[in-house]
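Visitor: The sequence shown runs 6 to 87 under our numbering. Take this structure, written in structure tokens, and hold onto it; I'll ask about it next.
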Amino acid sequence: MAPVGEAALADDTELIADLAYDSLRLIELTLALEQGFGLGELAQERTATVTTLGDIVRLVTEVRQETEAWQETEARQPEEGR
Numbered sequence: 006m007a008p009v010g011e012a013a014l015a016d017d018t019e020l021i022a023d024l025a026y027d028s029l030r031l032i033e034l035t036l037a038l039e040q041g042f043g044l045g046e047l048a049q050e051r052t053a054t055v056t057t058l059g060d061i062v063r064l065v066t067e068v069r070q071e072t073e074a075w076q077e078t079e080a081r082q083p084e085e086g087r
């Protein structure tokens with residue numbers, strides 16, 4: 006989804022200024038992240054702050070950690086009615 010070569014990409018590469026992303030491209034990126042990383046539906050409040058490639062890495066990492074923590078908590082909960 007990046008219109009430049011890999012060598013030019015860095016954490017501070019800006020999606021709009023450096024990669025010429027527009028609103029449609031950002032929506033496509035969000036969908037690709039949700040599907041590619043199994044993140045579920047990302048809240049607009051969370052994706053609105055994503056402006057760089059580093060932000061994408063941080064967002065995916067945070068959401069995956071939150072999901073894992075939730076799953077661990079759920080797994081430890083005894084089933085009701087036991």
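We put the CB at the ideal spot given by N, CA and C, even for glycine.
So, with DSSP's three-state summary, where would you put T66?
Guide: In the structure shown, T66 sits in a helix (DSSP, three-state: H, G or I).
Visitor: Quick check: the Cα distance between L58 and P83, rounded to an integer number of angstroms?
Guide: Those two C-alpha atoms are separated by around 40 Å.
Visitor: Which word fits M35, buried or exposed, when buried means at least 16 other C-beta atoms lie within 10 angstroms of its C-beta?
Guide: The sequence shown places Thr at residue 35, not Met. T35 should be labelled buried.
Visitor: Within a Cβ cutoff of 8 Å, which residues of the same chain sit near L44, ignoring the five residues on either side of it in sequence?
Guide: For L44, where only same-chain residues beyond five positions count, the Cβ hits under 8 Å are L38, V65, V68, R69 and T72.
Visitor: Based on DSSP bridge pairs, tell me the residues matched to E39.
Guide: DSSP output for E39 lists no bridge partner at all.
Visitor: Which partner residues does E19 have in the DSSP bridge list?
Guide: According to DSSP, which records beta bridges pairwise, E19 is partnered with T57.
Visitor: Do L31 and L14 have their C-beta atoms closer together than 8 Å?
Guide: No, the Cβ-Cβ distance between L31 and L14 is not below 8 Å.
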